[in-house]
Structures are given as structure tokens and as C-alpha cells.
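S.K.:
There are 2 protein chains.
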Amino acid sequence: MMRSMGTRIADTIRERIEQMIVTGEFADGERLDEVKLAEQFGVSRTPLREAFQSLAASGLLTLEARRGAFIRHPDFVELVEMFEVMAELEAMCGFRAARRVSEQQMRDIGRTIEACEAAIAQGDSDEYYRENETFHHLLYEASGNSFLAREAARLHKRLKPYRRMQLRVNGRMPQSMREHRAIYAALEKSDPKAAAAMLRQHVSIQGERFNDLMASYRQMAPRKAG
Amino acid sequence: MMRSMGTRIADTIRERIEQMIVTGEFADGERLDEVKLAEQFGVSRTPLREAFQSLAASGLLTLEARRGAFIRHPDFVELVEMFEVMAELEAMCGFRAARRVSEQQMRDIGRTIEACEAAIAQGDSDEYYRENETFHHLLYEASGNSFLAREAARLHKRLKPYRRMQLRVNGRMPQSMREHRAIYAALEKSDPKAAAAMLRQHVSIQGERFNDLMASYRQMAPRKAG
DNA sequence: TTCATTCTTCTTGTATACAAGAGATTTGAC
DNA sequence: GTCAAATCTCTTGTATACAAGAAGAATGAA
Numbered sequence: 174m175m176r177s178m179g180t181r182i183a184d185t186i187r188e189r190i191e192q193m194i195v196t197g198e199f200a201d202g203e204r205l206d207e208v209k210l211a212e213q214f215g216v217s218r219t220p221l222r223e224a225f226q227s228l229a230a231s232g233l234l235t236l237e238a239r240r241g242a243f244i245r246h247p248d249f250v251e252l253v254e255m256f257e258v259m260a261e262l263e264a265m266c267g268f269r270a271a272r273r274v275s276e277q278q279m280r281d282i283g284r285t286i287e288a289c290e291a292a293i294a295q296g297d298s299d300e301y302y303r304e305n306e307t308f309h310h311l312l313y314e315a316s317g318n319s320f321l322a323r324e325a326a327r328l329h330k331r332l333k334p335y336r337r338m339q340l341r342v343n344g345r346m347p348q349s350m351r352e353h354r355a356i357y358a359a360l361e362k363s364d365p366k367a368a369a370a371m372l373r374q375h376v377s378i379q380g381e382r383f384n385d386l387m388a389s390y391r392q393m394a395p396r397k398a399g
Numbered sequence: 174m175m176r177s178m179g180t181r182i183a184d185t186i187r188e189r190i191e192q193m194i195v196t197g198e199f200a201d202g203e204r205l206d207e208v209k210l211a212e213q214f215g216v217s218r219t220p221l222r223e224a225f226q227s228l229a230a231s232g233l234l235t236l237e238a239r240r241g242a243f244i245r246h247p248d249f250v251e252l253v254e255m256f257e258v259m260a261e262l263e264a265m266c267g268f269r270a271a272r273r274v275s276e277q278q279m280r281d282i283g284r285t286i287e288a289c290e291a292a293i294a295q296g297d298s299d300e301y302y303r304e305n306e307t308f309h310h311l312l313y314e315a316s317g318n319s320f321l322a323r324e325a326a327r328l329h330k331r332l333k334p335y336r337r338m339q340l341r342v343n344g345r346m347p348q349s350m351r352e353h354r355a356i357y358a359a360l361e362k363s364d365p366k367a368a369a370a371m372l373r374q375h376v377s378i379q380g381e382r383f384n385d386l387m388a389s390y391r392q393m394a395p396r397k398a399g
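Chains as they are written, first to last, in our numbering: chain A, 174 to 399; chain B, 174 to 399.
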């Protein structure tokens, strides 16, 4: 997955396209035109195709043989499935972190929680997203299992566009903040089960959240013909 | 991840190299020569590089910028980390499967268990590996979460070379068989927690198994200089 | 002899040229 | 007017040519 970052054009392109995808710049079902993107970036098709490969491997787009690269938002069922796995991975991280987290890591996590709250208070949702992301990444690291941390981060990234959607729902942010605090408390008490349970609930799509997600999903990603 | 299998050379090459890696044909740290492999397969470097990309994304090899593709067996710590995640994914599959598994699926699972036992009785370890793999894949499918199933299968594949190593240890196979039976029983009783616990234990590297793994790891994959 | 530096060679990264399949369009028949 | 078939265009897949960096060898100085 990780390659030692020499300045390869392909890597740069990958990053840029990834950003475009993750910020929802492409519609579902949209085809990414090799030649158009290549000249847009001022490179040949070769590094662009490498980027496509890499993005496809991460699941951010789909390659269909002799048809091209397509943005394929997961359908609603798959999205729920993905969040289900994400919830479990995060729970796993929390479980392990509760035993292994260092003082320094706890301070860092504490800071992101405060930064999140500050961002909400100021209505700066971009900042909120950033800090929320940091919170979760710190948690992955704190698990002490670097493989797990990478896998969690990978799925986290893949779900990024849909998490935004989820958080946009009214009143979700304060609730989310309470959960962050609860997670922090569980870590502080070194209570693995509580931390796991909190995180599982924090991430998973259940009850009202299910309906909220479904509603905003319908709104955001109307399925085009394949 | 999945692309609709048109006959692309790149895909074929990928499969073939993957097989070579998974069956342990390459030593740790070995560099895969693009031109040599290309002419060996009778293709140009282009599809070969695509295959490398894809394999790197699956974690089966590592691309270092301007240095090439290297086989990098995970070090022992990472291997244990990976099995830890695998155990949890399988537990998750088992948990869900206990509620959702169909009659047909139970019959299929039952058959693989018997086939495994038959293979052991005949000392046919290749057949055993095959059926054991089928057992686990059926379980992934039975989870009812197709995303989870894919992720589990992906990690399973990546761990393939090391699972062989693990099972080679004396007396491990009969024990493994008992566990399969116990898992089956838990599924039959629709007992999610039991199924999860059984699978977690079945896969995870603990106690004696830890020592066994470490021993055979040292024997099999002496770390070369990077 | 040993270390540093330069140069050579080899390998990867990128661009371009060529092949071939998929989809659209047009043309013909009914 | 509609449907089918053939053609044509456009896009992807593969090969090859070219550029540039990395590793190693050779050369020179201390």
C-alpha cells in the first residue's frame, strides 16, 4: 500500500484525483476520461492509469475492462455494510487502546476533542471534520497494532464522503461530541469493553441514524443507470 | 478491487505472480525484475507494472520509488498484528453468520468440514488446505455482509503463506478440526457470541501457537538486509 | 589501503505509438 | 417508420521508445 514517497507523477496524480473523489467532485456513475484528465494535469496517460489502478484498489473507483474508470458510489446496502465493518474496526482499536494508550496520546486525543468542540462553537464545519478525522486517526494509532491502524485508516478514507453526509444531519454534532467524551473517559479508565462499545455505537448506523443516512443518501446519490 | 474480468493480460499476469508469491516462490527481500518477468511471460512491461501496482495494493509486494518491486514478508510483529485483525474479522463473520446462515450454507459448511477430515485421514495436505480455505470463505459469505466477506477474503489471501506454516506444526490439524466442529455447532445453535469466540480463538495466535509460529517463522523467513 | 568522487550502466518512470474492442451512427431493408 | 446490420469513431489495452535517477564500478587523491 505505502510506497516510499519519491516524487512520482503517478502518486501526485493519485492524490489529486483522490481528493476530487473524496470531496464529492464526481457524480455517481461518472466515467473518468483518461485523455481529458491527462491533459488537464499535463501528463501522459501512463501515470494517470497507474493512479486509476491504485484508486480502484482502494475501492474509490471501479475499473471495467475496456470500458474505463467509473465512479461507483456504493449502494445503500453496501454503505451500511461498510459502516458496520468500520464500527467493528474502531471498536477493536478502542479495545486495544484502552490498555495501551500512552499519556501523550491521551493528551493529543483530548486536544482534538476540544478542538472539535471549539469548531462547532464557531460553526466551522471544515475544521470540525479535520479535527474529528484526527481524533479517529489518533485512536487507530493508539491501538498499538499498526496493521489495524492502517486498515482502519483506509476504510475511514473510503467512507469520508458519506460521513460528511451523516454528520450534516441536524443535532448530530453535539451528540457526536458527547460520544467522543465518553470514549475518552473509557480510555482514561482503561476500560476496553466500554471503549469498544462506545466506539461501535459511535460509528455504526443504527436506529434514527439509519433513517437519517438513508434520507440524505437518496438526496445525494441518486443511482444512475450502470 | 473487483473488475469485470475481460481478458486483460495485466489481470492474468497478476494472478500468476500472485500465485507465485502466495506459494512462497520468492524469498523475502527479493526484487522482482520487470524486464525479466516480462519476457518470461512474453509480454511488455506495461501490463506487468499494472500487475505490480495491483499486488502492491493488496500488500503482497512493496513498490519503492525508482527502486522496484520487492517481496517483503511482514516481520513477525506485523504478522501477529495481521492475524489479530484476521481473528476479529472472522469473529465478526461468525457472529453475523450465526443469525443469518441458511440451511444450504450450513450443508456446504458441513461438507467442507468432512472433506477436511477426510483429507487429513488420507494425509493429503493440499486437499486439506483447499477445503479449509473453502470452509472459511463459506463463513465469510454466510456473514451476510458482502463487504465484510470481501475484506476477510482479501486478508485471508494475504496470510496464506503463513497459515500454511502455522498448520504444519505437529498436532495442529486435529485441534483445528475440533474447532471447526465447535464453530459449526455454534452456528447450528444460532449462538452468535459462541461462534465469534470460537472463531477468534481458532484464528488468533496465542499461547503455544504463538511460540510455534515464531519458531517456524524464524526458520522460514530469515530477514534479509533491506 | 581507504575513502571520496565521478562516470558508467542498469532500472524505473513517463511519453508516445499502435492494436483492438466497444459503442454510436448511419445505411439499408422491410 | 422501425429494426437490424455493417461501418466508423472513440477509448482502452499493450508495446516500445525515451528520460532520468540509483546503484555500483572505476579512478584518483590522501
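Each residue gets a CB set at the ideal place from its N, CA and C atoms; glycine is no exception.
All values derive from a computational prediction rather than experimental measurement.
Taking 8 Å as the threshold (C-beta atoms), are methionine 279 (chain B) and leucine 360 (chain B) in contact?
M.R.: A contact, by the Cβ cut-off of 8 Å.
S.K.: Could you check where the alpha helix (DSSP H) with glycine 241 (chain B) kicks off and where it finishes?
M.R.: Per DSSP, glycine 241 (chain B) belongs to no alpha helix (DSSP H); it is in the beta strand (DSSP E), 241-243.
S.K.: I believe phenylalanine 249 (chain A) touches proline 365 (chain A) by the beta-carbon criterion, under 8 Å. Please report the beta-carbon distance rounded to the nearest angstrom.
M.R.: That pair is no contact at about 32 Å.
S.K.: Specify, as a first and last residue, the run of the alpha helix (DSSP H) that threonine 307 (chain A) falls within.
M.R.: That run of the alpha helix (DSSP H) goes 298-315.
S.K.: Thinking C-beta only, is glutamate 263 (chain B) closer than 8 Å to asparagine 318 (chain A)?
M.R.: No, Cβ-Cβ distance for asparagine 318 (chain A) and glutamate 263 (chain B) is not below 8 Å.
S.K.: How about isoleucine 244 (chain B) and leucine 236 (chain B): do their beta carbons lie closer than 8 Å?
M.R.: Not closer than 8 Å, so no.
S.K.: Three or more beta-carbon pairs under 8 Å between the segment 370-378 of chain B and the segment 299-306 of chain B, yes or no?
M.R.: Contact between the segment 370-378 of chain B and the segment 299-306 of chain B is absent, because fewer than three Cβ pairs lie under 8 Å.
S.K.: What does arginine 204 (chain A) pair with, by DSSP beta-bridge criteria?
M.R.: Bridge partners of arginine 204 (chain A): A:Phe243.
S.K.: I want to see whether chain A comes within less than 8 Å of glutamate 238 (chain B), judged by CB atoms only; does it?
M.R.: With the sequence shown as reference, residue 238 (chain B) is identified as alanine, and glutamate is not the correct amino acid for it. With 8 Å as the cut-off, alanine 238 (chain B) counts as an interface residue toward chain A.
S.K.: Put lysine 366 (chain A) into one of helix, strand or coil per three-state DSSP.
M.R.: DSSP places lysine 366 (chain A) in helix when its eight states are reduced to three.
S.K.: According to DSSP, is glycine 232 (chain B) helix, strand or coil?
M.R.: Of the three classes helix, strand and coil, the one that applies to glycine 232 (chain B) here is coil, per DSSP.
S.K.: Checking contacts by CB at 8 Å: is valine 376 (chain B) closer than that to chain A?
M.R.: Cβ-Cβ to chain A under 8 Å: no for valine 376 (chain B).
S.K.: For arginine 323 (chain A) and histidine 353 (chain B), I'd like the C-alpha separation in whole angstroms.
M.R.: In a straight line, the C-alpha of arginine 323 (chain A) is about 30 Å away from that of histidine 353 (chain B).
S.K.: Is the segment 203-215 of chain B touching the segment 200-211 of chain A in the sense that three or more CB pairs, one from each, lie closer than 8 Å?
M.R.: Taking 8 Å as the limit for Cβ pairs, the verdict is that the segment 203-215 of chain B does not touch the segment 200-211 of chain A.
S.K.: Is there at least one Cβ from chain A nearer than 8 Å to glutamine 226 (chain B)'s Cβ?
M.R.: Output row for glutamine 226 (chain B): interface = yes.
S.K.: Identify, in the order they occur along the chain, each residue of the same chain with its Cβ nearer than 7 Å to the Cβ of isoleucine 190 (chain A), setting aside the five sequence neighbours on each side.
M.R.: So the list reads Ala224 and Leu228, once near-sequence residues are dropped.
S.K.: Going by beta-carbon coordinates alone, are proline 347 (chain B) and valine 195 (chain B) separated by less than 8 Å?
M.R.: For proline 347 (chain B) and valine 195 (chain B), no; Cβs fall outside 8 Å.
S.K.: Please state whether DSSP places threonine 219 (chain B) in a helix, a strand or coil.
M.R.: Note: threonine 219 (chain B) maps to helix in three-state DSSP.
S.K.: Using a Cβ-Cβ distance cut-off of 8 Å, determine whether arginine 284 (chain B) contacts chain A.
M.R.: No, arginine 284 (chain B) lies away from the interface with chain A (no Cβ there is under 8 Å from its Cβ).
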